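Worksheet: the structure to be examined is printed underneath.
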Amino acid sequence: MLALGDVEVYSPRTVGEALEILRRRAGSLRVIAGGTDLVVQLKTGAARWRELLNIYGLDELRYIKYVDGEVKIGALTDFTTIHESPIVKSTAPVLAQAAFEIGSYQIMNKASIGGNIVNASPAADSLPALYVLEAVLKLETLDGFRTVPVKEFYKGYKMLDMRSDELLTEVSYRALGDGWVGEFFKHGLRRGDAIAVVNGAVLLKWNSVDGVVEDARVALGAVAPTVVRAVECEKMLRGSRLDEKTIRECSEAVLTSISPIDDVRGSAAYRREMCVNYVYMTLWSLARRLGM
Amino acid sequence: MGGTRILREFRFRLNGEEVSVKAPPAYTLLEALRYVMHLTGTKDGCSTGDCGACTVLLDGRAVHSCLTLIAQVEGREVITVEGVGENIPAAYAEEGAVQCGYCTPGLVTASAALLKQNPKPTVDEIKEALRGNLCRCTGYVKIIKAVQRASGDV
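Chains as they are written, first to last, in the working numbering: chain A, 32 to 323; chain E, 1273 to 1426.
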């Protein structure tokens, strides 16, 4: 473990000040939010930044609000707050559930949704939920802002559509209408606090008149360089009746969308099997909730 | 790592008192507490946020002091095991919930965070709240009893 005695830390008091420092020092510093992963990376030497922009004090980036059918979450909002938010619980229970599975309370209390997004781990627990919600990210600079759909934000393993003078300030999604049910799943090696071996989120829009799936969104984590949508699986789910045969075939179809690797948490073969099994269990659980 | 050591002054509330500490800004809160302020109740277990031994309360909520930079507590309130009061440590002692004792300060502070939010937790709620704290002597049964005792529920 390295001591961080010679790392410089800038602690701006406003977002404007943070953006100024980012522009001035673009490329030579790393933004630190909750720091629950970045501090580990710095201590182990996996990240070697000599300057940090500490935005943890920017309380103006901590909020969850509902505006005209859209939910806006400030980038520094921590996962305990997201998990407990009545707005998130009613508009996107799948995100509230993912927020709880992130880790221990010590992690949930400190880690932020913005940090989880920019840290860009393919195993990040909030990402499958944000993928099925088709969330949009707001990136600010001194000159203004732009928005990017979460799916387009990731260009490859830890490669982001983000310039070094940009700051992620907000995540937003459209509140889910009636008929949607969703569930997040995670397989970790320890229940209380673990990095996912596989994780994912499933959202289904159920047409109760015809008794069929009207729309389906399935996102899978830790099984590819970025989180992926299981396009083939989604296609097969649409229009289906969620019977045993459909559920089995749809969960096996995720194999066409994933390309897992071997690592310390599990082998590629194990990940493929667990990914199929978890999608199978999640679809069954949703079918039961729909009264099938 | 070589280089010049940067020193800054940070002010925050610690166990009910305004304090200021001179430390490198990227020192962790844990390092500042133990090595600069010589407040050694808070323990360094894994240094990576997995074991919970270094748990302190930041603005009333449990966080890892090993993953919190001293620069991140400026103007905020920190409570360590030295500042949680007598009730919870006494309950741990009475239930014999301490074996080697290394995880105890983290468990006591995590218990304090739980009881502040939920004064009468169920066993499941206690397990959930303490899920980030490892006891490698594996004395979890007595730890849960200690939290129940501290909540007045024995």
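Where is the CB? At the ideal position from N, CA and C, for every residue including glycine.
Only a predicted model underlies this, so the values are computations on that prediction, with no experimental measurement involved.
- In chain order, ALA255 place their CB closer than 6 Å to the CB of A/SER290, counting only its own chain and leaving out the 5 sequence neighbours on each side.
- DSSP lists A/VAL243 as the beta-bridge partner residues of A/ASN238.
- A/TRP211 is bridged by DSSP to A/LYS236.
- In summary, the residues of the segment 1332 to 1348 of chain E whose CB is separated from some CB of chain A by less than 8 Å are ARG1333, ALA1334, VAL1335, HIS1336, CYS1338, LEU1339, THR1340, LEU1341, ALA1343, GLN1344, GLU1346, GLY1347, in the order they occur in the chain.
- Around A/GLN128, no beta-carbon contact reaches into chain E at under 9 Å, the shortest distance being about 14 Å.
- Counting C-beta pairs with one atom in each stretch, the segment 1362 to 1374 of chain E and the segment 1305 to 1314 of chain E have fewer than three that are closer than 8 Å, which means they do not touch.
- A/MET190 counts as exposed, since fewer than 16 other beta carbons sit within 10 angstroms of its beta carbon.
- Annotated three-state conformation of A/MET193 is coil, per DSSP.
- Around A/ARG222, the beta-carbon contacts reaching into chain E at under 9 Å are ARG1403.
- Of the other Cβ atoms in all chains shown, fewer than 16 fall within 10 Å of the Cβ of A/GLU101; this residue is therefore exposed.
- Shown in chain order are the members of the segment 64 to 95 of chain A whose Cβ falls below 7 Å from a Cβ of chain E: GLY66, THR67, VAL70, VAL71, LYS74, LEU83, ASN85, TYR87, GLY88.
- Within the segment 1292 to 1380 of chain E, the runs of beta strand (DSSP E) that reach at least 3 residues and sit entirely inside it are, in chain order, 1327 to 1330, 1333 to 1336, 1349 to 1351.
- E/ARG1283 does not reach chain A, its nearest Cβ partner there being about 12 Å away, counting only Cβ pairs nearer than 7 Å.
- Proximity of chain A to E/TYR1412 at the Cβ level (cut-off 7 Å) is not reached, the minimal Cβ distance being about 11 Å.
- Around the beta-carbon of A/GLU197, 16 or more other beta-carbon atoms lie within 10 Å, marking it buried.
- Sorting A/LYS186, A/GLU48, A/VAL167, A/ALA247 by C-alpha distance to the C-alpha of A/PRO180 places A/VAL167 at the top.
- A/PRO180 is bridged by DSSP to A/VAL167.
- E/TYR1299 belongs to the set of residues whose beta carbon lies under 8 Å from a beta carbon in chain A.
- Bridge partners of A/ARG260 according to DSSP: A/ALA250.
- Every beta strand (DSSP E) stretch that sits fully inside the segment 85 to 146 of chain A and reaches 3 residues is listed by chain position as 95 to 98, 101 to 105.
- Straight through space, the alpha carbons of A/GLU165 and A/TYR204 are spaced by roughly 7 Å.
- Secondary structure note for A/TYR309: it is in no beta strand (DSSP E), and the uninterrupted alpha helix (DSSP H) holding it is 299 to 320.
- Two segments are said to touch when three or more pairs of C-beta atoms, one from each, lie closer than 8 Å; by this definition the segment 201 to 215 of chain A does not touch the segment 277 to 284 of chain A.
- Interface residue (Cβ-Cβ distance to chain E less than 8 Å): A/ASN140 is classified as such.
- Comparing C-alpha distances from A/SER239 to each of A/TRP211, A/LEU73, A/LYS186, A/ALA225 shows the shortest one belongs to A/TRP211.
- In the structure shown, A/SER152 falls within a coil segment according to DSSP collapsed to helix, strand and coil.
- Fewer than three Cβ pairs drawn from the segment 1315 to 1323 of chain E and the segment 1393 to 1400 of chain E lie within less than 8 Å of each other, which leaves the two stretches out of contact.
- Within the segment 1311 to 1322 of chain E, those residues whose Cβ lies closer than 7 Å to any Cβ of chain A are, in chain order, SER1319, THR1320, GLY1321, ASP1322.
- By the neighbour-count definition (other C-beta atoms within 10 Å, threshold 16), A/ASP156 is a buried residue.
- Assignment of A/VAL38 by DSSP, reduced to helix, strand and coil, places it in the coil class.
- Of A/ARG222, A/SER121, A/ALA129, A/GLY270, the smallest CA-CA separation from A/ASP209 is found for A/SER121.
- For E/PRO1391, no chain A residue has a Cβ inside 9 Å of its Cβ, as the nearest lies near 17 Å away.
- With contacts defined as CB atoms closer than 8 Å, A/GLU51 and A/LEU126 fail to qualify as a contacting pair.
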